[in-house]
């Protein structure tokens with residue numbers, strides 16, 4: 219079962235390059251995060267996920283790791299990160315780092331050794347064919363760039379050679395089984411990385427591409443799951459409070475192989491995407507869009523309820539406002555729509571994640587790619603703190619900024635929303651305060667959908683609480699008995715009478 223501290227956890231994801239720059243070089247740093255810990259705690263977030271901050275050539279924004287045990291100098295030193303752990307813990311905030319176990323940078327010392335013609339201890343640390351012109355079925359590969367007479371397999375970009383955890387099904391002589399000593403050595407090397415950071419104060423990991431380790435894996439990911447179960451055994455023995463969240467989006471698998479949490483990720487057309495990102499060039503059917511032409515919460519619930527029913531005793535499904543790979547929800551939703559979307563996300567079971575800047579409705583920016591971001595770059599722009607220089611992100615020159623800040627005259631900032639009691643920022647704070655106050659809104663409390671019909675509010679139960687949301691522009695009524703209950707949180711209006719619950723236009727209510 220999941221780490222106990224997760225029961226009341228709300229995570230804040232920080233893209234460190236873009237959060238807060240304290241040395242005026244245009245790039246965020248660890249000291250910048252330390253300076254804003256009180257702000258984060260004041261939001262109601264008591265846990266952090268920090269995107270990769272290890273030494274890297276930054277061809278994929280840090281997901282191309284050159285040294286797992288050394289932080290990138292752009293952020294500070296290892297000692298600065300240790301101090302961040304300490305300062306966060308003093309404020310009751312846990313910290314997850316991003317673990318990238320599937321591949322490294324082509325500049326990693328392991329890969330440089332693996333690419334040598336002479337066999338050595340690292341020759342099988344990565345996946346190599348046995349000929350300099352041989353590829354591999356359904357896998358990208360690179361040839362002609364090493365003295366070794368072979369090609370190597372990639373996980374993603376050209377700069378990211380795949381680490382070798384073995385093959386579940388073997389059809390080539392150069393493929394190794396998962397129990398080969400060299401494949402086990404890869405797993406043990408990743409355990410060593412995890413031990414290093416956990417022993418210095420890290421509280422766990424968000425795991426990049428968690429399902430990708432063993433190749434030619436079967437549909438049930440048996441080989442990869444076995445690797446994670448072995449790693450979980452180590453954590454349970456040595457770091458029992460450590461938590462892991464998977465970038466997998468298959469909780470039936472992830473939560474059975476040692477993960478505490480699994481994200482419900484945004485994939486085009488899936489249930490999560492229908493909530494806030496169900497748009498194309500012609501129409502927007504997102505559930506929380508006020509004028510959505512076809513609104514149906516069942517498109518989300520059909521998968522979610524199946525996952526939840528199967529895994530609620532194993533761990534948590536994590537819903538997120540956004541992440542570094544996803545278009546920000548402000549792209550198509552206004553402040554009022556975002557308030558309702560967040561009210562839903564923050565009152566569902568599991569452990570929610572808030573992406574930095576979403577609490578003020580930062581816009582998605584149409585800007586050129588940076589460090590392999592491509593379309594994702596527009597969701598990675600600097601945090602907007604105030605109306606000052608570079609919107610408070612940095613005192614450096616504008617030309618030196620990691621990415622440009624929102625140039626709009628009405629760019630949302632923490633400063634201008636602090637003064638507006640009806641702002642999105644204050645709504646987020648109130649929602650998260652309510653979640654911490656009411657145990658029936660926390661991770662473990664039971665969930666039941668009560669009214670899911672189209673043209674009615676979505677009504678659901680958390681523990682003994684009754685909740686309803688109506689994203690549309692007109693009042694909607696559901697046949698739900700709510701008489702005698704008291705509204706403890708409301709956006710808009712709601713009323714109960716004669717076995718009917720009426721929820722006003724663009725409204726949300728929690729009844730106790």
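Numbering (our numbering), first residue to last: 219 to 730.
C-beta: ideal position from N, C-alpha, C; glycine also.
What are the residues that DSSP puts in a beta bridge with residue i?
i           : result
residue 316 : 424
residue 574 : Paired residues: none, contrary to the question.
residue 721 : 694, 712
residue 204 : Here the chain covers residues 219 to 730 and nothing more, so residue 204 does not appear.
residue 231 : 267, 573
residue 370 : 346, 360
residue 379 : 372
residue 385 : 395, 433
residue 701 : Its beta-bridge partners do not exist; DSSP assigns none.
residue 707 : 728
How far does the alpha helix (DSSP H) with residue i in it extend, from its first residue to its last?
i           : result
residue 492 : 491 to 494
residue 744 : Lying before the first or after the last residue shown, residue 744 is absent from the chain, which here runs from 219 to 730.
residue 252 : 248 to 253
residue 603 : That residue, residue 603, is in no alpha helix (DSSP H); it is neither H nor E in DSSP.
residue 635 : 632 to 636
residue 399 : 399 to 417
Please report the straight-line C-alpha distance between residue i and residue j, rounded to a whole angstrom.
i           : j           : result
residue 507 : residue 296 : 44 Å
residue 658 : residue 666 : 12 Å
residue 562 : residue 361 : 49 Å
residue 617 : residue 316 : 29 Å
residue 243 : residue 421 : 29 Å
residue 500 : residue 564 : 30 Å
residue 614 : residue 241 : 8 Å
residue 328 : residue 381 : 10 Å
residue 621 : residue 375 : 21 Å
residue 587 : residue 545 : 14 Å
residue 268 : residue 461 : 14 Å
residue 305 : residue 718 : 50 Å
residue 451 : residue 411 : 16 Å
residue 478 : residue 519 : 21 Å
residue 510 : residue 538 : 21 Å
residue 377 : residue 341 : 18 Å
residue 639 : residue 404 : 52 Å
residue 427 : residue 320 : 7 Å
residue 567 : residue 470 : 16 Å
residue 693 : residue 253 : 44 Å
residue 343 : residue 441 : 17 Å
residue 366 : residue 524 : 48 Å
residue 495 : residue 399 : 45 Å
residue 678 : residue 230 : 25 Å
residue 187 : residue 247 : Nothing in the structure corresponds to residue 187, since the chain is present only between 219 and 730.
residue 623 : residue 307 : 31 Å
residue 416 : residue 702 : 49 Å
residue 740 : residue 727 : A question about residue 740 goes unanswered here, because the residues of the chain that appear run from 219 up to 730.
residue 282 : residue 265 : 25 Å
residue 280 : residue 274 : 6 Å
residue 429 : residue 318 : 12 Å
residue 515 : residue 542 : 25 Å
residue 723 : residue 303 : 44 Å
residue 459 : residue 423 : 12 Å
Would you mind reading off the limits of the beta strand (DSSP E) that contains residue i?
i           : result
residue 612 : Taken as a continuous stretch (DSSP letters only), residue 612 belongs to no beta strand (DSSP E), as it is neither H nor E.
residue 667 : 665 to 669
Let me know if residue i comes out buried or exposed under the rule of 16 or more other beta-carbons within 10 Å of its beta-carbon.
i           : result
residue 350 : exposed
residue 379 : buried
residue 585 : exposed
residue 577 : buried
residue 438 : exposed
residue 707 : buried
residue 697 : exposed
residue 447 : exposed
residue 660 : buried
residue 288 : exposed
residue 627 : exposed
residue 330 : exposed
residue 387 : exposed
residue 592 : exposed
residue 720 : buried
residue 389 : exposed
residue 682 : exposed
residue 489 : buried
residue 221 : buried
residue 675 : buried
Extract the residue ranges of the beta strand (DSSP E) inside the region 442 to 509, only unbroken runs of 3 or more that lie entirely within it.
461 to 464, 479 to 481
Complete runs of the alpha helix (DSSP H) confined to the region 302 to 366 [at least 4 residues]
327 to 332
Ignoring anything shorter than 3 residues, give me the beta strand (DSSP E) runs that lie fully in the region 528 to 565, in order along the chain.
534 to 536
Would you mind listing the beta strand (DSSP E) stretches within the region 265 to 295 that are 3+ residues and don't spill past its ends, in chain order?
265 to 268, 285 to 289
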